[in-house]
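Mapping of the sequence shown onto my numbering: position 175 corresponds to residue 430, and the numbering continues sequentially without gaps.
Every residue, glycine too, gets a C-beta built ideally from N, C-alpha and C.
None of the values given here were measured: they were computed from a predicted structure.
Accompanying notes for the structure given below.
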Amino acid sequence: MSGLFSNILSMLALAELGVGSAMTFSLYVPLVQHDVEKIKSLMHLYRNTYRVIGCVVLCLGLLMLPVYPFFISSQPDIEHLDLIYLLYVINSSVSYFYSYKRSLIIADQKKYVDSIVHYSRQAVMNILQIAILFLTHNFILYLVCQFVCQLIENIVISNIADRMYPYLEEKNVEPLEPVDLKMIRRNVGALVTHRIGGMVVNGTSSILISKFISLAVAGIYSNYLMITNALNSIVGQAFSAITGSVGNLEASENPDKILSVFHKIYFFNFFLIAFCTICLVCLFQPFISLWVGESYLLDNLTMIVFVINFYLNGMRKSVYTFRDASASYYYDRYKPIVEAVVNFILSVIFINRWGLVGLLLATTISTLTICSWVEPFVLYRHIFFKKFSDFFKRFFVYAAIVTVDALIGFKLFVLMTAGISERGGVWCFIIQLFTAVIISLVVLIISTCWMQEFKYLFCMCIGFIKKLIRRT
256 MSGLFSNILS
266 MLALAELGVG
276 SAMTFSLYVP
286 LVQHDVEKIK
296 SLMHLYRNTY
306 RVIGCVVLCL
316 GLLMLPVYPF
326 FISSQPDIEH
336 LDLIYLLYVI
346 NSSVSYFYSY
356 KRSLIIADQK
366 KYVDSIVHYS
376 RQAVMNILQI
386 AILFLTHNFI
396 LYLVCQFVCQ
406 LIENIVISNI
416 ADRMYPYLEE
426 KNVEPLEPVD
436 LKMIRRNVGA
446 LVTHRIGGMV
456 VNGTSSILIS
466 KFISLAVAGI
476 YSNYLMITNA
486 LNSIVGQAFS
496 AITGSVGNLE
506 ASENPDKILS
516 VFHKIYFFNF
526 FLIAFCTICL
536 VCLFQPFISL
546 WVGESYLLDN
556 LTMIVFVINF
566 YLNGMRKSVY
576 TFRDASASYY
586 YDRYKPIVEA
596 VVNFILSVIF
606 INRWGLVGLL
616 LATTISTLTI
626 CSWVEPFVLY
636 RHIFFKKFSD
646 FFKRFFVYAA
656 IVTVDALIGF
666 KLFVLMTAGI
676 SERGGVWCFI
686 IQLFTAVIIS
696 LVVLIISTCW
706 MQEFKYLFCM
716 CIGFIKKLIR
726 RT
């Protein structure tokens with residue numbers, strides 16, 4: 256039910272319209288130029304916009320109250336279901352208040368400040384929620400805790416931003432120039448289609464599973480999705496942290512230099528995602544079995560398709576970073592709509608024929624046939640001013656490497672943990688975890704050490720380690 260409500264609310268998040276991304280891009284130039292008056296004008300506009308968005312999400316969520324049971328094939332025996340749904344709605348809407356100042360901190364290349372606050376809140380919230388579930392078994396208190404912690408985080412970020420940028424408290428704010436408003440409207444308009452496409456592709460899976468299969472299968476799917484979402488969140492932090500730097504790079508360097516940096520970041524993207532992919536192939540089923548039991552396992556074919564989708568989506572992060580930094584959403588504004596239509600039609604057809612694996616295959620096909628070439632094409636044509644055939648060479652080389660490495664890694668993992676896997680238990684899984692990590696690193700290093708990008712990143716790591724040693 257949690258997965259279903261999250262999917263429903265992701266549909267309501269369309270009200271955000273991509274304002275956050277447009278906001279961050281608009282702040283790059285005035286921050287570099289120290290144009291305080293323009294920053295004040297932009298933040299004033301975003302504050303009012305986010306307040307409206309928060310209210311709209313709250314109202315739309317309330318209007319959905321009598322409608323959400325339609326998405327459930329058979330009603331579950333869960334008490335206070337309407338109250339649980341309302342808590343999800345409130346928690347979603349409150350995230351739009353105060354937090355708009357977070358974009359200024361990120362655009363000013365101080366993402367670490369936001370990360371410290373965010374992950375501190377996450378740690379405290381998780382501890383409290385575990386205690387609540389363990390002591391009371393009360394899911395409503397669990398959600399109240401989430402709401403309170405989210406609200407506190409937003410207030411803390413707002414206060415930190417006020418101290419870092421005292422001029423945000425000033426009342427004398429000039430209206431934005433018409434040319435700036437026109438550019439913001441253009442970016443937001445393009446981002447609307449991206450939000451719609453993302454919602455259909457990523458935000459309707461639990462709804463379709465609940466409707467066409469069962470709420471129980473949606474729950475099993477949500478367990479796997481929770482793990483890949485956690486990995487995506489961790490990897491995503493690395494790319495969010497460099498978005499501001501990429502924005503400054505694109506504003507000050509020539510296309511050849513920008514392309515050279517992109518190649519290095521794309522390789523870094525590959526190494527991170529390939530490492531996670533190989534580990535998932537080895538550890539997904541053992542972890543699910545240990546965590547919630549063998550009765551909650553998906554079949555191996557479905558798990559493999561799940562991991563393939565994780566890899567394909569993960570490999571888009573470097574492209575997203577450069578796209579967000581340059582705000583080049585306008586050039587591929589129709590791509591998300593085509594992707595959404597193709598994905599939805601295939602999902603409905605395939606889920607009726609092949610069940611959950613069909614739904615996942617629909618995402619694989621729409622990603623490969625549309626996203627994997629349109630998004631880099633836009634970058635190469637409008638940012639790098641180069642032919643994007645070079646990108647495809649890298650894409651297929653990396654795909655071949657991760658496929659071979661995953662097969663070799665899994666074979667080695669099975670051989671090295673054969674006796675351990677049969678015993679099971681937490682300590683056995685810890686051994687499996689370390690084994691998978693070592694195997695994944697070794698096979699990736701062996702298969703990529705000949706690349707220039709690997710040598711560059713290796714030298715960077717060595718230099719970073721030397722600096723740490725000198726400081727200690």
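{"Asked": "Assuming Val-629 contacts Asp-579 under a Cβ cut-off of 8 Å, what Cβ separation, rounded to an integer in Å, is found between them?", "Found": "Their Cβ separation, rounded to whole angstroms, is 16 Å, which puts Val-629 and Asp-579 out of contact at 8 Å."}
{"Asked": "Excluding the 5 residues preceding and the 5 following Phe-668 in the sequence, name in chain order all residues of the same chain whose CB lies nearer than 7 Å to its CB.", "Found": "Cys-537, Thr-690, Ala-691 and Ile-694"}
{"Asked": "Name the residue from His-392, Asn-607 and Gly-453 whose alpha carbon lies nearest to the alpha carbon of Ile-464.", "Found": "Asn-607"}
{"Asked": "Assuming Met-319 is part of the alpha helix (DSSP H), what are its boundary residues?", "Found": "That residue, Met-319, is in no alpha helix (DSSP H); it is neither H nor E in DSSP."}
{"Asked": "If you run the structure through DSSP and keep just helix, strand and coil, what is Asn-414?", "Found": "helix"}
{"Asked": "If you count every other CB in all the chains shown that lies within 10 Å of the CB of Lys-710, and 16 or more means buried, which is it?", "Found": "exposed"}
{"Asked": "Three or more C-beta pairs closer than 8 Å, one from the region 589-597 and one from the region 558-573: is that the case here?", "Found": "no"}
{"Asked": "Please classify Cys-626: is it buried, with 16 or more other beta-carbons within 10 angstroms of its beta-carbon, or exposed?", "Found": "buried"}
{"Asked": "Report the three-state DSSP secondary structure of Ser-469 (helix, strand or coil).", "Found": "coil"}
{"Asked": "Using the Cα positions of Phe-522 and Lys-365, report the straight-line distance between them to the nearest angstrom.", "Found": "24 Å"}
{"Asked": "Could you check what DSSP says for Gln-687 in three-state terms: helix, strand or coil?", "Found": "helix"}
{"Asked": "Do the CB positions of Asn-262 and Thr-557 come within less than 8 Å of each other?", "Found": "no"}
{"Asked": "In its own chain, which residues sit with a C-beta less than 7 Å from the C-beta of Met-671, not counting the 5 before and 5 after it?", "Found": "Thr-690"}
{"Asked": "Count the other C-beta atoms from every protein chain shown that fall within 10 angstroms of the C-beta of Pro-321, then say buried if there are 16 or more, exposed otherwise.", "Found": "exposed"}
{"Asked": "Could you say which of Cys-400, Thr-576, Ile-489 and Lys-356 lies nearest to Asn-381 if we only look at CA atoms?", "Found": "Cys-400"}
{"Asked": "Give the single residue among Cys-404, Gly-309, Gly-502 and Asn-414 whose Cα lies nearest to the Cα of Val-362.", "Found": "One detail in the question is off: residue 362 reads as Ala in this sequence, not Val. Looking at the Cα atoms, Gly-502 is the closest of the given residues."}
{"Asked": "If you measure between the beta carbons of Gly-258 and Ala-473, is that distance less than 8 Å?", "Found": "yes"}
{"Asked": "Under 7 Å Cβ to Cβ from Ala-661, same chain only, skipping five residues before and after it: list those, please.", "Found": "Thr-532, Ile-533 and Val-536"}
{"Asked": "Pop quiz: Ile-412 and Asp-369 are said to be a contact at Cβ under 8 Å. What is the actual Cβ separation, rounded to whole angstroms?", "Found": "7 Å"}
{"Asked": "Let's see if you can read the secondary structure: which residues bound the alpha helix (DSSP H) around Met-438?", "Found": "433-457"}
{"Asked": "So the alpha helix (DSSP H) Trp-546 belongs to, where does it begin and stop?", "Found": "510-547"}
{"Asked": "DSSP three-state label for Ile-600, please.", "Found": "helix"}
{"Asked": "Sorted by chain position, which residues of the same chain lie with C-beta nearer than 8 Å to Val-652's C-beta, five sequence neighbours on each side aside?", "Found": "none"}
{"Asked": "Can you tell me the Cα-Cα spacing of Ile-656 and Ile-489, whole angstroms?", "Found": "23 Å"}
{"Asked": "Using a Cβ-Cβ cutoff of less than 8 Å, which residues in the same chain neighbour Phe-326 once the five nearest sequence positions on both sides are dropped?", "Found": "Leu-259, Ile-263, Ile-462, Ser-465 and Lys-466"}
{"Asked": "Does the Cβ of Pro-331 have 16 or more other Cβ atoms within 10 Å, making it buried, or fewer, making it exposed?", "Found": "exposed"}
{"Asked": "For the alpha helix (DSSP H) containing Leu-611, list its first residue and its last residue.", "Found": "611-621"}
{"Asked": "What residue range does the alpha helix (DSSP H) around Gly-679 cover?", "Found": "No alpha helix (DSSP H) holds Gly-679; DSSP gives it neither H nor E."}
{"Asked": "Does Cys-704 come out as helix, strand or coil in the three-state DSSP assignment?", "Found": "coil"}
{"Asked": "Quick one: residues in its chain with C-beta nearer than 6 Å to the C-beta of Ile-385, no 5 flanking neighbours on either side, listed in chain order?", "Found": "none"}
{"Asked": "Using 10 angstroms around the beta-carbon of Tyr-422, count the other beta-carbons present and answer buried if the total reaches 16, otherwise exposed.", "Found": "exposed"}
{"Asked": "Out of curiosity, what's the CA-to-CA distance linking Tyr-551 and Tyr-305?", "Found": "40 Å"}
{"Asked": "In the structure shown, what three-state DSSP assignment does Ser-581 receive?", "Found": "helix"}
{"Asked": "With a threshold of 8 Å, are at least 3 pairs of Cβ atoms found where one atom belongs to the region 513-529 and the other to the region 699-719?", "Found": "yes"}
{"Asked": "Which same chain residues, not among the five before or five after Leu-601, have their C-beta less than 7 Å away from its C-beta?", "Found": "Ala-617, Ile-620 and Ser-621"}
{"Asked": "For Leu-359 and Tyr-420, which I take to be in contact (beta-carbon distance under 8 Å), what is that distance rounded to the nearest angstrom?", "Found": "6 Å"}
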